[in-house]
Every structure is written in C-alpha cells, then in structure tokens.
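Structure, as structure tokens:
Residue numbers (full-length UniProt numbering): 1 to 240.
And the structure:
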C-alpha cells in the first residue's frame, strides 16, 4: 500500500537538505568565526523543528518501538544541537523522504502539493525561504560589513538585522554601510514583502476553508442525487 505524501514531507526534506548542506559549505569554504556562529544559531532553530518532527512521528507510529529501532533513533540524535558530528545523521532523513517520494509518481505529488493543498504548501514554502534568506543574508552582510560597520560585528547583530529586514519592520538601529550590504538588504526586503503576502493569503485561505469544504460536500451530494435520478430514468426507459 502506498503511503500518502504531504507538503510537510517536502518541507522536512528541504530543511534536511539545507541542514546537511551547511556543514558541507563549512568544509568547502572558510567562514569567519561569527559567520559560523550564524549557522550555529540557525541550527538551534532547525534542531527544535527536527525534535518536534520526531515527537510527531513517534506519537503517530503504529509501533513506536519499531519506529525507534528503524529511523527514530537517528531522528532523535540528529536533533541534538551540541555535537556537530551528529548533523550528518540528518542524511538519513533525506534518504527516508526520498524513499517515500520514490513510491509515488511525480504527477500525483504535484496534484497533492500544488493543487489540493496550495495554501499549506505556500505557507511551508514561505517558512523554508525565511530560514534560508535569513541565514544567507546574515552571513553575507557579515562578509561585507565586518570591520566597516560597528553595528554589524557579531552573529547576533547580523541575525537581528536579518530578522527586522525580512519582516520589513526596519527599526533603523542597524543599517548596512557598504553598497553590497545595501543590495543584500534590498533583496531581503523584497523577499519579506512576498513572504508577508504569502502568510496573509494562508490566513485568509484558512478562514475560508470551512466554507469551501461545505461547498464541496454539497456538490458531492448533488452529484449523487443526479446519478440516482439518472438510474431511475434508465430503469423507467428500459421498462417502456
């Protein structure tokens, strides 16, 4: 029996790929100590998400002990943020979700994600983009502003700036001074406007969902009645 796929699975797959890609990037490129701390701070957020996913999977597993023996223990240790070598356990998450996707056809996945659950998919995609844009923006602004801007020296300063920029709050207490930094800020603000619009659309769709479900149920009931009427008419026609 094929298992169901949901936007949540694709969201966790993308987060896992990002979480595995960060240590690979650290191996291939020499980041400053503060830039590494940006990745570490964001990793704490990812670990909280992964631990929540572990708890959900454990609670929904038909056989919890079997889940723990097969995949659960890897999910658990990969959500521990303090030992960097445990991050590589997240590869197992990627493998597991890829195996799940391999059981389904691409058209079925697109129908489930892009058609039937558009609002849910858009909201999770916005969350994923927020994580990536915040971390990449904070790292890049440290690259160009460090040593030039006294307000953007620490990882915490860069993350705070990235947060208020992507949410389009713009307190103005921290601002980039270099041209590359301002370009990064402009891109992040444009992304923030789009993300805010996506969140607003999700909230609107969430409120409208009960009405749409009632309409779908009413439409299904009318279709059944039409089929019943046709069946009766066919019986009458055969008797005549």
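For glycine and all other residues, C-beta sits at the position ideal for the given N, C-alpha and C.
Quick caveat, the model's predicted, so the values are computed rather than measured.
Put simply, the backbone Cα of residue 15 is about 35 Å away from that of residue 217. Between residue 38 and residue 155, the beta carbon gap of about 5 Å places them in contact (Cβ cut-off 8 Å). Between residue 23 and residue 124, the gap from beta carbon to beta carbon reaches 8 Å or more.
Between residue 144 and the set 178, 57, 81, 13, the nearest pair of CA atoms involves 178.
For residue 165, the enclosing alpha helix (DSSP H) starts and ends at 155-166. Linking residue 135 to residue 48 through their CA atoms gives a straight-line distance of about 16 Å.
Here residue 75 really is in contact with residue 57; their C-beta atoms are around 7 Å apart, less than 8 Å. For residue 21, the uninterrupted alpha helix (DSSP H) run begins and ends at 7-28, by DSSP. Distances from the CA of residue 41 to each of 162, 11, 52 were compared; the closest alpha carbon is that of 162.
Per DSSP, reduced to three states, the secondary structure at residue 77 is helical. Counting other Cβ atoms within 10 Å of its Cβ, residue 34 reaches 16 or more and is therefore classed as buried.
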